[in-house]
Structure formats: structure tokens, C-alpha cells
Ligand code: ADE
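Numbering (the working numbering), first residue to last: 145 to 562.
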């Protein structure tokens, strides 16, 4: 079996970690048991490009149990859990190409290894795999049955490909399923970003001024959790409706150039480039801490920051101090990459249970229905959201209220008014 991981000796520790996460993934466990019997992915070759975490390992086990021939590569150079990657190879027989801290060349070599598997189903977190296949492997285009996309940034890229007419096979926007973004983006990113900031810096959030750039689902979750820890939260937003929502949720809203003057901590979650750049670095307080929880490391203009600095020193495991020529210091956490995965462990298993149950069920649906799919971006079918939420509630011991026949009739009628 081909693979590239840091050290196979880490495999036993990784297995323990995968099993620990599995306890909190009852929906995925349930699917794994069914898939093992029904083999819905039998004969499928699948390449996945995801954050190589314990939760992802449980998704890979589920797809393998379904009969797929799966390989996995990393979707970010800093998010790989090396012990998990080793366990996937040694204990679960899944070819894995992922090493934490990989340089750009190795990162793309790993992607190439996943593409070399010649998949007919792919799964992405950020659309790097699809991009490479579209650019470099035209021979695969007609063979790909479907591609699943996990994250907001990836869906935005795929919709741009569809608009430009370069998409050559069907893709499904898993991120846009309710059971994904309502919970993973909001509560997962909210908690894991706070976790990453604290693990990296040991900062006290109570009483601090915490700026959240972007009030999408991730920003909403982060702002709410930062407030819960006692921070004074400021939101920056370009969309008037989202800005209004942030105001009515009780946050101060202002342009970044003003927020940056007050900030102790700034976290970007916009999906856009250079949200923090020279004009913001100039006005930041001495000792301000900045980080990013958006998919790509493009939100903080580190080149500008470097150009303004005398030197850069690593002062803690995940913290670099940029000593500016002006005499100020700005601290960058996690090299401006996803701080929740670089400095912590990403979202907790319990919320990934839902995201990855949606991934697994959507893959099953796409394989079953591929003959009716064309080269477009599809939404996840509603019954998958319904099924995952019902199952999750069941595992939590929560019962739903049921409509009476009279209530069903009322909802289906229009005659009755005041
Ligand atoms: N994205 C965010 N958190 C994650 C996790 N724990 N595993 C995989 N992908 C993630």
C-alpha cells in the first residue's frame, strides 16, 4: 500500500483517538453498520481531501465499510493529526498522504497521490482536489460520478467554476445542507476557534475586546462564544443584512480600521483576501493578537506585516511575534491558517457526526442517482437533512412533538382565516 505519513509508530495513539471520537459519532456509527451490510459504494474508487483528524478517520472507515476503495490526503498543511494518519494506514488499511507542517511542495505531492488513485467519486474540503483534476486530469472528467464539497469556500469556488463553464462533472454542496452549516459552521467553528486561540496563547477572554471579521455562520458562532467567555465583541461586516443582524444580536458593528484600534484579539472568518492589511496593522495596539478561522490563509496579509517588521520571532508553539519598525509588536497565531485546526483539534466529534453523516448519505445518494446528474452544483436532498436531524435527536434522547391529523389538515388548507 502506498502512503506518506510522519511516523507509523504513532498509530496506536491515533487509534485510541479515533475510537474516542467515534463514541461521540453515533449517527455515523449507525450508517457504518448499515453500509457494511448493504455495500452501497461497492466498486467505487474514492479520493478524499479533508482535514486529517480523528473525525475524518471515522468518515473514511464508514466509506470503506460501504465497499469504496478510499484514499485520503490532507486539505491543509497544518491540520493533520499525525497519529491519526498513521493509524489510518496501519490499523484501518486506508492509504493516507498527510504530514503536519508539510511545505507547499509536499502538500501538492500528497494531492497528486490522491488524484493518481483515478477516483470516480471525490470529496473535498476547499475544492483543491476538483481543481487539480479539472486542470491536470482531463481523462478522469467523464469517469467522475460525483464530487462532494464540505466547506463554504469550496462551494464558492465550485459555483464560480460552474459559472465559467469549466466544471466537468456533478458536485454536491454538502456545506449548504442545514445539518452541516447550522451546526458545524456555527457551534463547531464557534467553540473550536476559541479553543485554538486559548491553546495557542492562554489569553483571558473575559474583559478583552474581541473583533470578529465576518458575520456568516462561522462568524455568528464565534461572536456568540466569545461573548459567552466575557469578551466585549465587535463585528465587522460588508453585507448590510448581516451587519443589521449583528447589531440586533447586541454586538457593536464598525469598519475594521476603527475596530482594529480597540482590539486585543482579532479573528477573521470572512473567506476573503486581505481583511487585515497594512492600514489595520498601522493602527493596532501594541501586543494585539490576530488570527484566522477562514478556510484559506489569505485573510491576513502576512507579507505586508512582514514588510512592516524589523524581525519575526516564534515566542510560543503557535505564536509568532512580528516586531514592527514602529516599535509595536503584533502576535500572529497559527501562521494565519485555520487557528481551530492548527492550534487545536478542529470541531468536536459530536458536531462532525452530523456533517460527516451528511457527507456519507450524500455520497450514497449521488452514486445511486448519478445517471440523472450533470456537470452542475447540486444541493443536498432535503430528506438527508431530515434523516440526519431525526437520528441525531434520537441519539440525544430528544423526542419530537407530532402533528395531530387536525393540525396536518389545517396546514394543508387555505380556507380558514380569522
Ligand atoms: N473541520 C473542522 N473541524 C474538523 C474536524 N474535527 N475534522 C475534520 N474537518 C474539520
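Backbone N, C-alpha and C define an ideal beta-carbon position, used for all residues, glycine too.
- Boundaries for residue 491: no beta strand (DSSP E) harbours it, and the DSSP string shows neither H nor E there.
- If you draw a straight line from the Cα of residue 419 to the Cα of residue 357, it comes to about 8 Å.
- Just so you know, the alpha carbons of residue 192 and residue 217 end up roughly 6 Å apart.
- Taking C-beta separations shorter than 8 Å and ignoring five residues to either side along the sequence, the partners of residue 423 in its chain run 401, following chain order.
- Judged by DSSP secondary structure, residue 242 falls outside any beta strand (DSSP E); it is assigned neither H nor E.
- Bridge pairing for residue 444: 420 [DSSP].
- For the set 202, 478, 289 and 148, the Cα lying nearest the Cα of residue 163 is the one of 202.
- Of 449, 196, 255 and 204, the smallest CA-CA separation from residue 244 is found for 196.
- Annotation: the continuous beta strand (DSSP E) that includes residue 380 extends over 376-380.
- Contact annotation, residue 502 with residue 532: C-beta distance approximately 6 Å; criterion of less than 8 Å satisfied.
- For the set 355, 309 and 286, the Cα lying nearest the Cα of residue 515 is the one of 286.
- Apart from the 5 residues on each side of it in sequence, residue 350 sits with its Cβ closer than 8 Å to the Cβ of 373, 374 and 375 in its chain, given in chain order.
- The count of Cβ pairs closer than 8 Å, one atom from the segment 361-371 and one from the segment 425-432, stays below three, leaving the stretches out of contact.
- Classified as exposed, residue 167 has fewer than 16 neighbouring CB atoms from the shown chains inside 10 Å of its CB.
- Within its own chain, the residues whose Cβ lies closer than 8 Å to the Cβ of residue 319, once the five positions on either side in sequence are excluded, are 293, 294, 295, 296, 298, 299, 325 and 329, listed in chain order.
- Per DSSP, the beta bridge partners of residue 357 are 380 and 412.
- Taking C-beta separations shorter than 7 Å and ignoring five residues to either side along the sequence, the partners of residue 262 in its chain run 189 and 284, following chain order.
- With fewer than three CB-CB distances shorter than 8 Å, the segment 529-547 does not count as touching the segment 232-243.
- For residue 254, the enclosing alpha helix (DSSP H) starts and ends at 248-259.
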